[in-house]
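The next block holds one structure in the form of structure tokens; read it before the comments.
Numbering (my numbering), first residue to last: 912 to 1291.
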């Protein structure tokens, strides 16, 4: 019997997130996930009149390939995949895997070459020219990272991925309006966090279930050279399969001039990838009501209710501050009371205190307002 939670998710992906239309070619990329959800997506795409395509792989095989790969192989794959992606009108990526650290022993230089010569160009093509949505798949390994049983984590996963994103979209608009008109952002919190920057003229992007599942963020970017002060992130993170804790960054004129973490040499090696890696490409509020603690998975952690992320590296085109980099690393600061609290001000006005939005027009973004189940526009 098909899990009804899978049916609900598949319907949301096809009818809401990617809004598949007749004749559209849709690539489903399935990385170590159950056959059942892939079959459901193929069926739903076809029922909508779309033309489904499927590619599958598993992380363990990618690790084996990486350990024997070089620029020529990555460039060959890039030519193939760019041509294929160029045929697609939509893309859905589901990524599972039993081990979040599967690539931890792949040389950093190999990972850099794969990103430069293969993954990044194909991803840029997909982001720029298709309707796309990417999501993780619940696994025992993810449940372990979240400190939950596998069954409890699966319930959590489907709850956070299939909440009422239409309600969220409407609730985000007042915050988007404030940021569009804003100049100065001030962030304070524990660990010495005291940061200031401008977002004037940069723009805003609402995120409400169209590109990521789970979703629940609204992002802009600092004026590139305006960031001053210190931020101490309190969410553990991964970068290219390697763990980093207690990341602390010091900024002068927008540039990261000091960076420490549980692996300070590794952190600085990432930030030295190129000049843009030491500047910020994204600033975002997180507010998914069901995500309350980190699990070293950026797709979840950047949406934590009461969090922000301030991201070294590449800026998004929708909120382009001119920063260019090979990296884009979403580092998360949680400001709820159990993580030390904190505050955010926009042009001097207190917008969020200890993770809760304060102005009356932003109350719809607090957890109790967003936690309604289901989307009335989606068949379950």
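Where is the CB? At the ideal position from N, CA and C, for every residue including glycine.
Bear in mind that the values here come from a model prediction, so they are computed numbers and not experimental data.
Residues near residue i by beta carbon distance below 8 Å, same chain, minus five either side
i            : result
residue 937  : 929, 931, 956, 961, 962, 963, 964, 999, 1000, 1001, 1002, 1003
residue 1056 : 1011, 1206, 1207, 1208
residue 1287 : Summary for residue 1287: the model assigns pLDDT 35, below 50, so the residue's position carries little reliability; its value from the coordinates is reported in the next sentence. Excluding residues within five positions, the ones whose Cβ falls inside 8 Å are 1075, 1077.
residue 1171 : 1157, 1158, 1159, 1178
residue 1126 : 1076, 1079, 1118, 1119, 1120, 1199, 1214
residue 1063 : 1054
residue 1092 : none
Residue i vs residue j beta-carbon contact at 8 Å
i            : j            : result
residue 1151 : residue 987  : no
residue 1086 : residue 1273 : yes
residue 1155 : residue 1174 : yes
residue 1017 : residue 971  : no
residue 1244 : residue 1142 : yes
residue 918  : residue 943  : no
residue 1215 : residue 1202 : yes
residue 1068 : residue 1051 : no
residue 1257 : residue 990  : no
residue 1242 : residue 1148 : yes
residue 1024 : residue 982  : yes
residue 1259 : residue 1247 : no
residue 1123 : residue 1210 : yes
residue 1033 : residue 993  : yes
residue 1361 : residue 1227 : What is shown of the chain runs 912 to 1291, which leaves residue 1361 out entirely.
residue 913  : residue 941  : no
residue 1200 : residue 1271 : no
residue 1013 : residue 1070 : no
residue 1204 : residue 1015 : no
Neighbourhood of residue i by C-beta, 6 Å cutoff - its chain only, sequence neighbours within 5 removed
i            : result
residue 952  : 921, 939
residue 1276 : 1082, 1198, 1268
residue 1185 : 1236, 1237
residue 1080 : 1119
residue 1111 : 1094
residue 1187 : 1234, 1235, 1236
residue 935  : 961, 1000, 1001
residue 1169 : 1161
residue 1224 : 1188, 1192, 1236, 1238, 1239, 1240
residue 1164 : 1136
residue 1131 : 1090, 1110, 1113, 1115, 1194, 1230
residue 950  : none
residue 1263 : 1255
residue 1065 : 1049
residue 1107 : 1097, 1139, 1140
residue 1278 : 1200, 1216
residue 959  : 925, 931
residue 933  : 960
Anticipated Cβ contact below 8 Å, residue i with residue j, distance rounded
i            : j            : result
residue 948  : residue 1005 : 7 Å
residue 1229 : residue 1128 : The Cβ separation is near 13 Å, so there is no contact.
residue 1113 : residue 1134 : 7 Å
residue 1162 : residue 1138 : 4 Å
residue 1008 : residue 1101 : With a Cβ gap of about 33 Å, residue 1008 and residue 1101 do not count as contacting.
residue 1222 : residue 1254 : Their Cβ separation, rounded to whole angstroms, is 20 Å, which puts residue 1222 and residue 1254 out of contact at 8 Å.
Sequence-distant residues of its chain with Cβ nearer than 7 Å to residue i (five each side left out)
i            : result
residue 1280 : 1082, 1274
residue 1109 : 1094, 1095, 1133, 1134, 1137
residue 1027 : 1237
residue 1061 : 1051, 1054
residue 985  : 1024, 1025, 1028, 1029
Point to revise | Segments assigned beta strand (DSSP E), at least 3 residues, entirely inside the stretch 966-1006 | key: 1001-1006
Exercise for review: Tell me, please, whether the stretch 1087-1100 touches the stretch 1052-1071 by the rule of three or more beta-carbon pairs shorter than 8 Å.
Suggested key: no
**Study point:** Minimum length 4: unbroken alpha helix (DSSP H) runs contained in the stretch 1116-1199
**Key:** 1175-1182
Check your understanding: Would you call the stretch 1034-1044 and the stretch 1163-1181 in contact, with 3 or more CB pairs under 8 Å?
Key -> no
Point to revise | Entirely enclosed alpha helix (DSSP H) segments - the stretch 1038-1120, minimum 4 residues | key: 1051-1057, 1061-1072, 1076-1091
**Study point:** alpha helix (DSSP H) runs wholly inside the stretch 1200-1247, at least 4 long, in chain order
**Key:** 1209-1212
Check your understanding: Unbroken alpha helix (DSSP H) runs of length 4 or more, entirely within the stretch 1006-1033: which are they?
Key -> 1019-1025
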